[in-house]
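Take the sequence shown: its letters are residues -22 to -1, 1 to 1107, numbered as in mature numbering (1 follows the signal peptide of the UniProt record, and there is no 0).
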Amino acid sequence: MPSFSIPFKLIIFFLFFASSHAFSSKTIPSREAEALLKWNASLPRNTQTLLSSLWGGSNHCNWTGINCNNAGSITKVILGEFELKLRGTLHNLNFFYFPNLIWLQLRNNSLYGSIPSNIGNLSNLNFLDLSYNNFSGNIPLEIGLLKSLSLISLGDNSLSGSIPREIGKLSTISYIYFTRNNLTGPIPIEILNLTKLHDLDLSQNNISGSIPSDIGRLSSLSILFLNQNHLTGTIPISIGDLQNLSQFVLVDNRLNGSIPKEIGMVTSLRLLDLSNNHLTGPIPTCIGNLSNMKWLYLWSNNLSGSIPNEIGMLKSLLAFQLAYNNLTGVIPHSIGNLTNLDNLVLNFNGLSGSIPSEVGMLKSLFDLQLSDNNLTGVIPDSIGNLTNLGNLVLHFNGLSGSIPTSMGNLNKLSILEICENSLSGLVPRTLNNLTHLRILDLSHNHLSGSLPENVCLGGLLTRIAAIKNNLTGLIPSSLRNCTSLYRVRLEGNHLTGNISEAFGIYPNLNFISLSNNNIFGELSSNWGQCHNLTSLKITNNNISGKIPFQLGQATQLQELDLSSNHLNGELPKELGKLTMVSRLYLSDNQFSGKIPLEIGLLSKLEQLDLALNNLSGPIPDDLGNCFKLFNLNLSKNNLEESIPSSISYINALQSLDLSQNSLIGGIPQQFGKLQSLEVLNLSHNMLNGSIPEAFNNLRGLRFVNISFNQFEGPIPNLKAFHEASFDALRNNKGLCGNATGLMACVPSFLANHGHGKRTKVIISVMLPLFGGLLLLFLLVGSFFTFYKKTQTKESEPREEQQGDIFTVLGFNGRVLHDNIIEATEDFSSDYCIGSGGYGSVYKAALPTGQVVAVKKLYRSEDNIHINNLKAFESEVMALLEIRHRNIVQMYGFCSHPKHSFLVYELVERGSLRMVLSNNEQAKELDWKKRVNVVKGLANALSYMHHGHSQPIVHRDISSNNVLLDLDYEARVSDFGTARILKPDSSNWTSLAGTYGYIAPELAYTMRVDEKCDVYSFGVLTMEVCMGRHAGDLISYFSSLESTSSLMSNDQQVLLKDTIDQRLSPPVGQSAKDLVSTMKIAVACLNGNPQLRPTMQQVSQALGRQSLPLPSPFNSIQLEEVLGEVVCNG
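Here it is as structure tokens:
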């Protein structure tokens, strides 16, 4: 048996050897060709046809993209350099048949599906490039079998899952490129075994965890890109061991801690980008050791301290960006040593001192941005040495003095923004040399003289702004033919000139404001040829003549403001062609004739103001077609006939002013349908009859004036009428009811009993009787009141007798005080329903049946008010003037040595924060209700900022201070920190507000204005949409706002994943409204206060019809809600 077995084994071995030799020498090439053709047959038809045309002939070694060795076996497949855009998968490409393949390059195609696991059969593969395709799924574990691999590139695909630990087996690998995928999980620790690794690019994925602490083991590493991931933790100190590292990029992660001083040991570094993380602490001085550094980016962190002097040692530096940090101190003089610097960006910090004159030594500089700091002093004359400068941005500082004449040397300058400083003096004539300007912004300074005549001589100017200076002289003549213009803001000066001669035709012009100047002349028909113009504002000038009918050709106009001029003639019917217009202001002119019927064609009109003209005739019925109109002012004209009932169709109407006309007849019964109406002024007309009973439905009405008419009968049972002043109801025929200055209405049983003399007799008898009884009651009441006061004063301690009671809105102060003490059982905790920073809130049921909210001030606040009671009382009086459906009504204030309190109406559901924190209530607050909450809040703030005799800044807008009534209508509450601002004043005060809602500029400027509320509104709107405070999301948007490079589509966050997950995703109109609302919120969160919209603009924007979604809601990416940010609007 053994003697037979051995020869048999030898025979089997011989046959196997012979067959394998035959396979290797003869069948491999044919099988490779067969495998390629089989793969081609599995591809889509178009790709099959394309490859078939390239892979013709019997010798596959001659096919396009195929290289063979001398034995005819394929060694290279290169199908990525011919722009073939092949489609299909690799599932039917059997890599087992390519034993000699060393190079596989399929980049820049449209291949999809997963990377097959049998790719591990390519044991001799040295180069693998599958980048720029649509591969998905995980990176196969078998990748670790490619032991000969030197380069692997899988970037720009849609790969997911984690990086396999098997990657640590690729001992010969030098280059790994996995950028722009959807990879998750941590960086595998096994990657540290790859000691030959030269380039590692894992950027633009969703990789989390920390950077491996022993990253320094990769001693051959030259390029390390980990940017745009979700990495946390600190930068490991072992980074100092990477002596060959030349490019190190960590931008857009969540790293914290300080910059390790060991970074100074990596002297080979040429690029260091740690931007947009959460790094803290100072910039280490050892950074001066990096003498090879060319690009240093540290922007958008929380770095503090000063810029180290050692920065001046980086003489090879080309770009230096530190924007959006908390850096303080001065700009070091050593900056002048960086003579190769092309880019210096230090904006949005707290830098102080002056701009060092050494900056003039940076003659290679193209981009200089020092805006949004606390820099003072003058702009150095040496700035004129920077003859290569293209961008100079110095706005929002405290710079003073004049603009240096040497700035005229900067003849390559494209952007000059020096707005929001304290610059004064004449605008230098040398600025005429700047013929390449695209943007010029001199706004909000104290500049005088004229604008440079040649500002658009080069024909490149797109934006010019000089808002609120003291400029005089003519409009620059070069603007007439400046067809590149996109945005013009020259309002608030003393500029003059003939408007028809100064301006021409502008095909790109989007916005122009010339308001509040001394411009004269007549409007040219050329404005009608500005077909992209959306806003034309020329209010408060000396424009005369008629509105040219050709203006109706400017069909993109959304705002037309020609108010306060000397325009005359009839309103052209062609205004009806402006179908996009939402704001039309023509008040305070000399227009005559009738209101054209074509106004009714303006279906998007939201505000129409034709007040203070000489218009006559009837109010056109067609006005009722303007369904979106919320502000209609036709006052101070000569309008006649009756009020058309069609106005009742305008459901959005909030303010209606028809006062001081010659209107006759009664108020249409249908006005009861105007559920949004808040302000109604019909005074000084010849209206008559009774006020319709349907007015009792107008629960939102806050202000009414019907004086100087011939109305009679009872007033409606509404707060607006009951609390109206005497002047608002006076001089009518016979109004009666419960209001100041009105007689009580005669009981119905008397009014209806009999006719003629019998009625007169009853009235003549009853009135004296009632009068006598009333007098008797008053005498008795006075006696008891006096007696009670005497007793009370005797029983109170001496210090309490010195107290003062502030009585408002018809309440008797002493009685109100006593009633509240009794109703709350001397402010027992049983009645406490909340507390805030200024006091505790109690629920009090008054004897009248009215239930109110009482804020009892803490003693510290109490003493403040008592010490300065007169000032505080005047402030309270201002707050009492507020009448708005979205603002909690204040009833009064009681000041007493023992305790002081504010009295408000009670809002039933409590704070928005309470509702959002309760899962059941949050679900009931659906998307439609949430959008309405945001609209209500916007309307309230718009009224506070713009609709009041003096602007009021709330200063503490948060979800705690927004209450919801039973219908989930928003009510702004808690004016505990509000201050009344006089227009155009600078307001400096201690920091107030709720953490997380405070505008960022308050952290270093303490300058309070309306834009602080706008920021808080943006935060709160995001909270309403997300169902929680949006701190992380706001940081995300801030990072996008501060960088020009956006994330790839493969790695962006979906909007649906950020909103409140307790609700189903919105659909239909709710989805459109939510996206529009979030876009507006992002605009409000702009880090630059001046670039935030006003609350009036926000309120108007929210009131418009939302635009259609560009794609289904579930596919909308979060970045899409980030809008363009432009200085000065």
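For every residue, glycine included, the Cβ atom is placed at its ideal position computed from N, Cα and C. Keep in mind that this is a model prediction, so the values were computed, not measured.
Looking from the CA of P646, the closest CA among M1004, T440, I396, I625 belongs to I625.
An exposed status is given to M664, since fewer than 16 other beta-carbon atoms sit within 10 Å of its beta-carbon. Along the stretch 875 to 925, the alpha helix (DSSP H) occurs as fully enclosed runs of 4 or more residues at 890 to 895, 897 to 902, 905 to 924, listed in sequence order. Annotation for N104: I80, S126, S128 place their beta carbon closer than 6 Å to its own, counting only its chain and skipping 5 residues before and after. Counting every other CB atom within 10 Å of its CB across the protein chains shown gives F673 a total of 16 or more, marking it as buried. In this structure, S806 lies away from G812, with their beta-carbon atoms at least 9 Å apart.
In this structure, the straight-line span from the alpha carbon of N351 to that of N591 is close to 47 Å. Residue pairing for F203: DSSP places it in a beta bridge opposite D179, V227.
Boundaries of the beta strand (DSSP E) harbouring P692: 688 to 692, taken from the DSSP string.
With a 10 Å radius around the Cβ and a threshold of 16 neighbouring Cβ atoms, Y973 comes out exposed. With respect to the 9 Å criterion, V940 and L915 are classified as neighbours on the basis of their beta carbons. Taken through DSSP and simplified to helix, strand or coil, D991 comes out as helix. Inter-residue distance for V724 and G644 is about 22 Å (C-alpha atoms, whole angstroms). Under the criterion of beta carbons closer than 8 Å, P214 and I189 qualify as touching, at roughly 6 Å. When the Cα atoms are used, A1061 and L418 turn out to be separated by approximately 23 Å. Between N543 and I521, the gap from beta carbon to beta carbon is short of 9 Å. In its own chain, leaving out the 5 sequence neighbours on each side, no residue places its CB closer than 7 Å to the CB of T27. Judged by pairs of C-beta atoms under 8 Å, the stretch 141 to 149 does not touch the stretch 100 to 115, as fewer than three such pairs exist. N592 is bridged by DSSP to S570. By a beta-carbon distance limit of 8 Å, L124 contacts G98. Their separation comes to about 7 Å. In the three-state DSSP reduction, E800 falls in the helix class (H, G or I).
Proximity to T512 across L538, G58, S502 peaks at L538, based on C-alpha coordinates. For H373, there is no enclosing alpha helix (DSSP H), as DSSP marks it with neither H nor E.
Shown here for N1092: same chain residues with a beta carbon closer than 8 Å to its own, the five before and five after excluded, namely L1032, K1034, P1043 in chain order. C-alpha of E398 to C-alpha of L429: approximately 17 Å in a straight line. Separation of N111 and D179 (C-alpha to C-alpha, rounded to the nearest whole angstrom) is 17 Å.
DSSP places N111 in no alpha helix (DSSP H); its state is neither H nor E.
One Cα belongs to R908, the other to H1007, and the distance between them is close to 15 Å. Remark: C-beta atoms of L492 and I516 approach each other more closely than 9 Å. Our two residues, N303 and D987, have alpha carbons roughly 23 Å apart in a direct line. For the pair N45 and L89, the Cα-to-Cα distance works out to about 21 Å.
Shown here, L545 sits in a strand according to DSSP, grouped into three states. In this structure, DSSP gives S197 a state outside helix and strand, which the three-state scheme calls coil. For S633, the closest of S620, L641, L612, S623 by C-alpha to C-alpha distance is L612. One alpha carbon belongs to I693, the other to F699, and they sit about 7 Å apart. Residues of the same chain with a CB within less than 6 Å of the CB of I865, apart from the 5 flanking positions on each side, are A918, V950 in chain order.
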